[in-house]
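Asker: Just passing along the structure, written as structure tokens.
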């Protein structure tokens, strides 16, 4: 992404939308990330 595209899609305060993201269950979130992004392909496929 070049600087013009970044400005148009992300940085321009007139067109961007900011949303606060929160994690209600950090342990579950960490487990999901480990499952989906981890090295164990078998667990990822089973999920």
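Numbering (UniProt numbering), first residue to last: 1 to 47.
C-beta: ideal position from N, C-alpha, C; glycine also.
Helix, strand or coil for residue 14 per DSSP?
Answerer: Residue 14 falls in the coil class under three-state DSSP.
Asker: Does DSSP put residue 35 in a helix, a strand or coil?
Answerer: Reduced to three states, the DSSP call for residue 35 is helix.
Asker: Rounded to whole angstroms, what is the Cα-Cα separation between residue 11 and residue 34?
Answerer: The alpha-carbon atoms of residue 11 and residue 34 are separated by roughly 30 Å.
Asker: Give the straight-line distance between the Cα atoms of residue 51 and residue 14, rounded to the nearest whole angstrom.
Answerer: The question about residue 51 has no answer, for the chain in this structure spans 1 to 47.
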